[in-house]
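Written below as structure tokens is the structure these notes are about.
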Amino acid sequence: VQLQASGGGLVQAGGSLRLSCAASGIIFSINEMGWYRQTPGKQRELVATITSGGSTNYADSVKGRFTISRINAENMVFLQMNRLKPEDTADYYCNSHNAAGINYWGKGTLVTVSS
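Numbering (my numbering), first residue to last: 50 to 164.
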């Protein structure tokens, strides 16, 4: 199983970034996909999830600013991040969760938001 995240970078506050995650080795279309983030010394936290049917869930801190989406035919999941804030700075991780409760993680992609 591979989850390859990309799209991180340095952006000024108020700017936008789009993260992408390419999945392989899983039955992508039936798995719940998600984005999590982590900063040094803190626990990894949920950012957004999307079910196989397209239902979404967001952390309160990103509601109205971030949008998660997926293209099952391409085994891809995206996170559009708008109106970024310095507190959004973190390593962002792509996650796949199946019905058996198994989680898969990719390597993080760093997002840095300057003030």
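Beta carbons: idealized from backbone N, C-alpha and C, even for Gly.
Please read all numbers here as calculations on a predicted model, not as lab measurements.
State the Cα-Cα distance for the pair residue i and residue j, rounded to the nearest angstrom.
| i | j | result |
| --- | --- | --- |
| A54 | S118 | 14 Å |
| A139 | A71 | 20 Å |
| K156 | C143 | 8 Å |
| Q87 | F127 | 18 Å |
| G90 | S104 | 31 Å |
| S164 | I99 | 30 Å |
| N106 | T116 | 10 Å |
| K134 | Q61 | 8 Å |
| G57 | V111 | 17 Å |
Which first and last residues belong to the beta strand (DSSP E) in which residue i is found?
| i | result |
| --- | --- |
| E81 | 81 to 87 |
| S69 | 66 to 73 |
| V60 | 58 to 61 |
| T138 | Taken as a continuous stretch (DSSP letters only), T138 belongs to no beta strand (DSSP E), as it is neither H nor E. |
| Q51 | 51 to 55 |
| S163 | 158 to 163 |
| N152 | 152 to 154 |
Within a Cβ cutoff of 6 Å, which residues of the same chain sit near residue i, ignoring the five residues on either side of it in sequence?
| i | result |
| --- | --- |
| N131 | S65, R114 |
| S73 | Q51 |
| T161 | L59, T138 |
Among residues of its own chain, excluding the 5 on either side of residue i, which ones have a beta-carbon nearer than 7 Å to its beta-carbon?
| i | result |
| --- | --- |
| Y85 | R93, E94, L95, V96, Y142, N144 |
| S186 | Nothing can be reported for residue 186: it is not among the residues displayed for the chain, which extend from 50 to 164. |
Using a Cβ-Cβ cutoff of less than 8 Å, which residues in the same chain neighbour residue i once the five nearest sequence positions on both sides are dropped?
| i | result |
| --- | --- |
| N152 | N144, S145, H146 |
Should residue i be counted as a contact of the ligand SAH given a C-beta to heavy atom distance under 7 Å?
| i | result |
| --- | --- |
| Y153 | The ligand content of the structure shown is nil, which means the ligand SAH is not present either. |
What residue ranges within the segment 99 to 135 form continuous alpha helix (DSSP H) runs of no fewer than 4 residues, ordered along the chain?
none
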